[in-house]
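Enquirer: Below is one structure. I have some questions about it.
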Amino acid sequence: MKILVVGSGGREHALCWAIKRSPLCDTLYCAPGNAGIRDVATLVPLSANDVAGITAFATAEGVDFVVVGPEEPLVLGLADALRAAGIPTFGPSQAAAALEGSKGFMKDAVARFGVPTAAYGRFTDMGAAKEFVARHGAPIVVKTDGLAAGKGVTICQSVDEAYAAIEEAMVGRRFGDAGAELVIEEFLDGEEASFFAICDGTNAVALAGAQDHKRAYDGDQGPNTGGMGTYSPAPVLTPAIEAQIMDKMILPTVRGMAAEGKPFIGVLFAGIMVVTGPDGQPVPKLLEYNVRFGDPECQVLMRRLKSDLVPLLLSAAKGDVSGQEPEWHDEAALCVVMAAEGYPGDYLKGTRIGNLPAAGQVDGVEIFHAGTKEGADGAILANGGRVLGVTAIAPRVADARSKAYEAVDRIDWKEGFCRRDIAWRAMARGL
């Protein structure tokens with residue numbers, strides 16, 4: 140098969156790495172890719188959001204299958220355009236991608252489907268938003284309705300902090316049009332995790348879970364980011380909790396979307412908060428849906444996946460995941476994200492990253508590139524906020540963590556930083 144992956148981040152590098160290993164893959168393209176992806180795929184100089192250009196390329200090259208990585212091209216309708224051209228595509232339609240494209244749409248939809256989630260309100264008027272906050276008090280969560288690259292969520296510990304977040308989005312326009320409407324919801328106190336399922340429009344098959352680290356700095360301090368590291372499996376996602384997520388969230392959502400004429404084809408990523416129920420037992424509640432693999436969760440899932448990724452994704456694109464049972468390595472996988480100093484605020488681009496080959500020689504380590512490009516002299520340069528995903532696999536989480544940080548310490552990049560406490564919850568559990 141000729142396969143095209145769309146995107147340029149660490150998620151897409153991990154997908155390309157896994158797809159390239161499939162005996163079904165003869166030729167692999169990535170648009171636009173990055174300096175690491177070039178080692179496993181032919182780079183195509185097209186923006187991930189260039190719907191017409193990507194469709195024309197896939198048609199002209201006789202591409203057999205397209206895997207769309209990021210959310211934005213899905214929200215723009217790339218999957219629709221590719222399917223209209225007769226090309227099997229892994230990724231939801233524009234209508235179904237609204238589950239991530241609009242948090243308000245998602246909250247209203249899951250309310251209709253009976254999915255357990257936080258109480259919420261939707262607001263386009265700043266006064267009404269502040270009144271809601273005043274009535275409910277803090278802590279409270281303020282979210283942009285639209286896409287904000289993983290940075291549109293503010294957990295507010297006081298009413299004044301919530302007011303400031305509302306003003307920053309609606310008056311200061313920090314998130315542009317994404318913040319013209321806000322979703323404000325109750326704060327759920329518990330342990331957060333990520334869960335993934337492959338969906339064919341009417342049915343779904345469970346993948347594995349992971350635990351992300353959203354805050355920029357050690358100790359879960361600092362601003363929210365797109366994710367500073369992750370590990371899988373996540374001990375909070377017990378088999379009983381995962382069964383509840385499938386039965387009470389994923390399957391009702393897939394069936395509800397199909398019934399409303401918006402069948403969901405692709406990967407459904409459920410952000411979960413495991414809270415303590417009235418009986419003292421752990422209960423999962425939905426924080427939000429994303430319509431693509433998480434980044435950096437994809438990196439650890441691809442390292443742990445034992446079975447061939449291509450038939451799994453292709454079965455969803457062709458509308459039938461029945462009989463698909465993904466196999467996983469028993470080992471744990473852990474990813475440490477290296478980011479450019481200043482991220483998620485202003486950061487420098489073009490800084491030089493050295494000694495990557497030596498870092499990649501640590502046993503069990505793969506380095507997935509995210510924001511990188513190749514310099515004129517062949518050097519690897521930072522070209523984004525989150526730049527590298529140093530990913531290790533080992534029998535225990537603690538072992539994977541040691542290997543990942545050993546590799547991090549070999550990398551020569553003085554303008555980069557990372558959290559040093561990835562998987563601290565697993566460490567506390569002695570895993």
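Numbered according to the working numbering, the sequence shown spans residues 140 to 570.
The beta-carbon is built from N, C-alpha and C at its ideal position, and this holds for glycine as well.
#1: Assuming V526 and A478 are in contact, meaning their beta carbons sit under 8 Å apart, how far apart are those beta carbons, in whole angstroms?
#2: Is F335 near V406, with beta carbons less than 8 Å apart?
#3: So the alpha helix (DSSP H) G243 belongs to, where does it begin and stop?
#4: From the DSSP output, in three-state form, read off G348 for me.
#5: Would you grab the beta carbon distance between V206 and V144 for me? Rounded to a whole angstrom, and I think it's under 8 Å.
#6: Does the stretch 419–436 touch the stretch 240–256, meaning 3 or more C-beta pairs lie closer than 8 Å?
#7: Which two residues bound the contiguous alpha helix (DSSP H) that contains Y302?
#8: From the DSSP output, read off the bridge partner residues of T392.
#9: Which partner residues does N363 have in the DSSP bridge list?
#10: Can you tell me whether DSSP reads M385 as helix, strand or coil?
#11: Below 8 Å, how does it come out for the stretch 531–547 and the stretch 466–484: are there three or more Cβ pairs, yes or no?
#12: What residue range does the alpha helix (DSSP H) around F271 cover?
#13: Need the endpoints of the beta strand (DSSP E) that L473 sits in, please.
#14: I'd like to confirm the pairing. Which residues does DSSP put opposite T283 in its beta bridges?
#15: Which same chain residues, not among the five before or five after G340, have their C-beta less than 7 Å away from its C-beta?
#16: Drop a sphere of 10 angstroms on the beta-carbon of P162, count the other beta-carbons inside from all chains shown, and report buried for 16 or more, exposed for fewer.
#17: Quick one, are the C-beta atoms of H508 and G208 less than 8 Å apart?
#18: Starting from P508, follow its DSSP beta bridges and name the residues at the other end.
#19: Counting pairs of Cβ atoms below 8 Å between the stretch 435–454 and the stretch 310–329, do you hit three or more?
#20: Here's the rule: buried if 16 or more other CB atoms are within 10 angstroms of the residue's CB, otherwise exposed. What is G517?
#21: Indicate the three-state DSSP secondary structure (helix, strand or coil) for I380 in the structure shown.
#22: Here's the rule I'm using: 16 or more other beta-carbon atoms within 10 Å means buried, otherwise exposed. How should A515 be labelled?
#23: So V298 and A277 are in contact, right, with Cβ under 8 Å, and what is the actual spacing, rounded?
#24: Does the beta carbon of A153 sit closer than 8 Å to a beta carbon anywhere in chain B?
#25: Hey, G524 and G149: beta-carbon distance below 8 Å or not?
#26: Please report the distance separating the alpha-carbon of A539 from that of G503.
#27: Taking 8 Å as the threshold, find out whether the stretch 547–560 comes into contact with the stretch 486–494 through three or more Cβ pairs.
#28: When the distance is taken between beta carbons, is M388 closer than 8 Å to G329?
#29: State yes or no: is the C-beta of A170 within less than 8 Å of the C-beta of V183?
#30: Can you give the Cα-Cα distance for A223 and D434, rounded to whole angstroms?
#31: Please state if the CB of G240 and the CB of G285 are separated by a distance shorter than 8 Å.
#32: Between which two residues does the beta strand (DSSP E) harbouring L375 extend?
#33: Residue ranges of each beta strand (DSSP E) run of no fewer than 3 residues wholly in the stretch 183–215, ordered along the chain?
#34: Taking its Cβ as the centre, do 16 or more other Cβ atoms sit within 10 Å of Q420, making it buried, or is it exposed?
Expert: In short, the structure shows the following:
#1: 6 Å between Cβ atoms; contact.
#2: By the CB criterion at 8 Å, F335 and V406 fall inside the cutoff.
#3: The continuous alpha helix (DSSP H) containing G243 extends over residues 242–252.
#4: The answer is strand: DSSP assigns G348 an E or B state.
#5: V206 to V144, Cβ: 5 Å. Contact.
#6: As far as the Cβ criterion goes, the stretch 240–256 touches the stretch 419–436, which means the pair count is three or higher.
#7: From DSSP, the alpha helix (DSSP H) with Y302 extends over 298–309.
#8: Paired residues: none, contrary to the question.
#9: According to DSSP, N363 bridges with R354.
#10: The DSSP-derived three-state label of M385 is helix.
#11: Taking 8 Å as the limit for Cβ pairs, the verdict is that the stretch 466–484 does touch the stretch 531–547.
#12: Here the alpha helix (DSSP H) through F271 covers 265–275.
#13: Taken as a continuous stretch (DSSP letters only), the beta strand (DSSP E) holding L473 covers 471–479.
#14: Per DSSP, L321.
#15: Hits under 7 Å: A397, P402, F403, I404, G458.
#16: It is exposed - the Cβ of P162 has fewer than 16 other Cβ atoms within 10 Å.
#17: For H508 and G208, no; Cβs fall outside 8 Å.
#18: The sequence given here places His at residue 508; Pro does not occur at that position. H508 is bridged by DSSP to L527.
#19: Contact fails: fewer than three Cβ-Cβ distances are below 8 Å.
#20: Counting the other CB atoms within 10 Å of its CB gives G517 a total below 16, which places it among the exposed residues.
#21: Residue state, collapsed to three classes: helix.
#22: Under a 10 Å Cβ-count criterion, A515 is classified as exposed, with fewer than 16 other Cβ atoms of the shown protein chains found around its own Cβ.
#23: 5 Å between Cβ atoms; contact.
#24: The chain labelled as chain B is not found in the depicted structure, where only one protein chain is given.
#25: Not a contact, by the Cβ cut-off of 8 Å.
#26: Cα to Cα, A539 sits roughly 8 Å from G503.
#27: Taking one beta carbon from each stretch, the stretch 547–560 and the stretch 486–494 have 3 or more pairs nearer than 8 Å; the two touch.
#28: For G329 and M388, no; Cβs fall outside 8 Å.
#29: The answer is yes: Cβ separation under 8 Å.
#30: Each residue's Cα considered, the two are about 28 Å apart.
#31: Contact annotation: G285 and G240 have beta-carbon atoms nearer than 8 Å.
#32: Going by the sequence as given, residue 375 is Val instead of Leu. Counting along the chain, V375 sits inside no beta strand (DSSP E), nor does DSSP assign it H or E at all.
#33: 204–207, all fully within the stretch 183–215.
#34: Label assigned to Q420: exposed.
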